[in-house]
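Data first, discussion second: the structure below is written as structure tokens.
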RNA sequence: CGGGGCGUAGCGCAGCCUGGUAGCGCACUCGGUUCGGGACCGAGGGGUCGGAGGUUCAAAUCCUCUCGCCCCGACCA
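Numbering (the numbering used here), first residue to last: 47 to 620.
This is the structure we're talking about:
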């Protein structure tokens, strides 16, 4: 492809609203343009990358035996009404009326629609298992689209759905998908972890997220340095802390201390000269109809998802100031479990604090020498967030480390949630009518484009892995001498014949402009043809990962096509 | 949903407080000099200042409404 005939509008300044590296670079390098909040044009380079990611996903889905289909993005409301999601999905669902006033929506996900296919087309256990997938645009009216392609209102997703005769079959389908996902993420050159995840209100079924490790990621995960335990902090557990378990509980009696105006953990620890670990942080949560006081150590944080699971509710919300004052009789900052009238859940680590400090439920007063079991009672549970340094729950001696990640894939076993309510059944060997056991498996294809950049870029631009780069080789010609141009033309032809994708910057621009654009665009191999090296019968080769601008490898012109083709092939294989 | 902010040329911004009829950089066009890491000189083109209403002799500027967009938060007492 000739640069001069392409549409690659690179710019020096990023749009003012871009904050993520991927958003800035995709915009500056001319891959995407914003159309509206969470909606983007894919310009030629961007679309090439998107299609490459799609192709990898398709190849691995097909290899895993999944069957590609395409369902509509525009959907009649009846299916979501059938499962209740028309109401449950809330404002995130893009709702539409047709000219007759009928309810429609744009598909945010397709469990209902695919289940409808299954209930109409699948009759017998002999047809199972089946796995249907599509690569399609999804629509979600996100409360806050952000980060360019990272969180869009319209985005490209691969969603697959498996149907099995029983739980064991579903597990096997799930495992097959897990392996396919591993291959996909490996081929894309990403550093990632498969982590245990919250399967939400769906139930306690198997679920795993594929988290691409990036410091700018929205999700927090922890992973063990010894074993393969890794989990979203929402569901991560930690071992009870032995050092506090070993300390003898205080014999000192409970005592009131005056702490005027000192309500926060920071202020109280400083004022009283105690450690954060001695504090019993007490937070009032709204859980369903009632409230609950959650108690964790001052150096720990409440894991709201685990708290909700412990209480058997979908979600908990931190209570507002007014509710806190009503429930404790004190201003915010002075809540505590002692004398608290209501349900208390205390984290295991907090329950082992030998002599705690906590709010007295009286403004400007705290209590010290507080002991769980002596001074107050409550339900003990693991309700704190895991953090770096915590003991691994799944092996001996392992320590957890915190990472940030971007969720790029999520696989889980759905069970019969949709099949049972929608009547998607089959007849088994014994003539029984049973609901299909389902699994679902998503990959954010457009998100992966951005995620890859988040992990592969430097100050000068993108650094694509070969597998998803818009072109394999970026050919830069310097000057407009006949010798340079004809050499470039021949090399270009030879490479394209060898199946190498080449972008030739043939523009009448100064070398500096071309080099800057090449770095920005991020094609993995750059070849420079200029009078200088050509005089010695050479071309210059520089991988995008080489940051020193002066470091380029001289390759004899005669070998150039072969060497480049080999490098491309090696990179694609590795 | 709460808080903050922004809409002025394709992009990035100034002008607004203190009304007087729009400017800078990049990009673009033309001419010239240049040419191995975002050149320089000269000459140009391009904007109903997000929209509507109001105040005023006069509105990008002040007031009201509205639309769009962005950031932060959804918070650890």
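Glycine is no exception: its CB is placed at the ideal position from the N, C-alpha and C atoms. All of these numbers come straight from a predicted model, not from anything done at the bench.
Boundaries of the alpha helix (DSSP H) in which residue i is found, first to last residue
i, result
"residue 558", "557-567"
"residue 126", "124-129"
"residue 50", "From DSSP, residue 50 is part of no alpha helix (DSSP H); its letter is neither H nor E."
"residue 222", "213-233"
"residue 69", "67-74"
"residue 397", "394-397"
"residue 463", "463-468"
"residue 317", "311-318"
"residue 90", "90-109"
"residue 538", "528-543"
"residue 475", "From DSSP, residue 475 is part of no alpha helix (DSSP H); its letter is neither H nor E."
Cβ neighbour criterion (16 or more within 10 Å) applied to residue i
i, result
"residue 257", "buried"
"residue 83", "exposed"
"residue 50", "exposed"
"residue 386", "buried"
"residue 532", "exposed"
"residue 55", "exposed"
"residue 158", "buried"
"residue 184", "buried"
"residue 154", "buried"
Alpha-carbon to alpha-carbon, residue j and residue i
i, j, result
"residue 536", "residue 613", "19 Å"
"residue 171", "residue 475", "7 Å"
"residue 160", "residue 118", "11 Å"
"residue 336", "residue 324", "28 Å"
"residue 266", "residue 449", "6 Å"
"residue 488", "residue 131", "19 Å"
"residue 451", "residue 433", "15 Å"
"residue 584", "residue 604", "8 Å"
"residue 361", "residue 331", "10 Å"
"residue 446", "residue 438", "6 Å"
"residue 382", "residue 435", "27 Å"
"residue 141", "residue 344", "45 Å"
"residue 562", "residue 608", "26 Å"
"residue 98", "residue 404", "56 Å"
"residue 621", "residue 173", "Past the boundaries of the shown model lies residue 621; the chain is included only from 47 to 620, so the question cannot be answered."
"residue 441", "residue 539", "57 Å"
"residue 415", "residue 133", "50 Å"
"residue 69", "residue 259", "17 Å"
"residue 175", "residue 108", "14 Å"
"residue 80", "residue 233", "29 Å"
Sequence-distant residues of its chain with Cβ nearer than 7 Å to residue i (five each side left out)
i, result
"residue 252", "220, 458 and 459"
"residue 617", "512 and 570"
"residue 490", "201, 203 and 454"
"residue 364", "329 and 331"
"residue 356", "391, 427 and 429"
"residue 271", "444, 445 and 447"
"residue 501", "236, 237, 258 and 260"
N- and C-terminal bounds of the beta strand (DSSP E) containing residue i
i, result
"residue 240", "238-242"
"residue 117", "Premise fails: residue 117 is in no beta strand (DSSP E) and is neither H nor E."
"residue 180", "176-185"
"residue 256", "253-259"
"residue 484", "483-490"
"residue 150", "149-152"
"residue 82", "78-82"
"residue 589", "584-589"
Close Cβ partners of residue i (< 6 Å) along its chain, the five nearest in sequence each way excluded
i, result
"residue 229", "106"
"residue 431", "279, 347 and 349"
"residue 110", "222 and 226"
"residue 59", "none"
"residue 494", "99 and 454"
Proximity below 8 Å, CB of residue i to CB of residue j
i, j, result
"residue 135", "residue 144", "no"
"residue 407", "residue 368", "no"
"residue 67", "residue 518", "no"
"residue 484", "residue 128", "no"
"residue 642", "residue 587", "Because residue 642 is not part of the residues shown, which for the chain are 47 to 620, the question remains open."
"residue 421", "residue 341", "no"
"residue 72", "residue 515", "no"
"residue 274", "residue 482", "no"
"residue 410", "residue 307", "yes"
"residue 566", "residue 548", "no"
"residue 182", "residue 96", "no"
Sequence-distant residues of its chain with Cβ nearer than 8 Å to residue i (five each side left out)
i, result
"residue 577", "524, 525, 527, 529 and 530"
"residue 456", "243, 253, 254, 255, 256, 487 and 488"
"residue 249", "For residue 249, the pLDDT reaches just 45, beneath the cut-off of 50, and the residue's location in the model is therefore unreliable, although a value from the coordinates is still provided. Hits under 8 Å: 461 and 463."
"residue 591", "509 and 570"
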